[in-house]
Every structure is written in structure tokens, then in C-alpha cells.
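Just so you know, we're using my numbering here: the sequence shown kicks off at 28 and counts up by one. No residue lacks a Cβ here, since even glycine has one placed at the ideal position from N, Cα and C. The structure appears below as C-alpha cells.
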Amino acid sequence: MKPLSEMTEREYFVRVGPRPGMLVGKPSFHRLTAFLTGYDQHALLHGGPELIGWHDWLVARRGRDCNHAWPGQILRIALPNGWDDLWNLPPEDEQQAIKVLFELLDEFAAEREAAQDSQTSG
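This is the structure:
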């Protein structure tokens with residue numbers, strides 16, 4: 028198994044996605060989005076890859092913008108029929124939102140890696 032220090036951002040998310048409790052204890056969509064916001068801010072301060080372009084990518088992926096920050100964009104994709112109480116999602120909606128969050132992170136990271144690879148090889 029590759030050490031964390033040698034993983035790409037995509038490898039990291041693929042590794043922790045199936046076990047989000049490793050990051051936040053009891054997994055919840057809100058805890059994971061708070062973790063990712065902290066992850067992004069740490070990267071910004073310390074020269075990591077950050078999640079630059081994440082919100083715009085989600086808007087393009089969804090095909091429209093709204094007044095939500097990126098967690099709201101993900102919920103709109105994961106739960107297209109909406110939700111009653113943002114802070115108390117039913118367990119099945121919570122699981123769906125977490126699943127879609129990590130699927131989208133993987134797609135975003137894969138596209139970013141491919142773009143970086145084409146820049147370095149071209």
C-alpha cells in the first residue's frame with residue numbers, strides 16, 4: 028500500500044471514500060464537506076493542489092448554477108427531488124449524498140490529472 032505522502036489527490040480520495048468515518052468519525056455529508064473545506068484551506072496555505080475549479084466544475088457538470096456553495100451543488104446532483112431539512116437528511120439521502128460526493132471528487136480529480144498529464148507531455 029502506498030504511503031499517504033506519495034498519493035495523488037485522486038488516490039487519496041479513492042482510498043478514503045469507501046470509509047469516510049476515517050476522516051470525520053460518524054460520517055455525515057456536512058462533516059465531510061467541512062473536512063474538505065479544511066483540506067482545501069490547508070492546501071491553499073501550504074502549496075497543495077487545492078480544490079481550485081471544483082465549484083465551477085460542479086456547475087458545468089450539473090448544467091446550471093444556483094446560489095449554493097459547492098456542497099449545495101452536490102446535494103442538487105445527489106438528491107434531484109430535493110430534501111425537507113438540510114441539517115437532518117434521512118439516512119438513505121445522507122448515504123446517497125456521501126456516495127455522490129466521492130464519485131464527483133473522483134471525476135474531478137481524474138479530469139484534473141488528465142489535464143496536468145497533457146500539459147506535461149505536450
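Contact check for E121 against S55 passes: the beta carbons are separated by less than 8 Å.
Residue state for D67 is assigned as helix, using DSSP reduced to three classes. Per DSSP, I101 is one residue of the alpha helix (DSSP H) stretching across 97 to 105.
Here the alpha carbons of R91 and A70 stand approximately 27 Å from one another. According to the DSSP assignment, G48 belongs to the alpha helix (DSSP H) that extends over 48 to 51.
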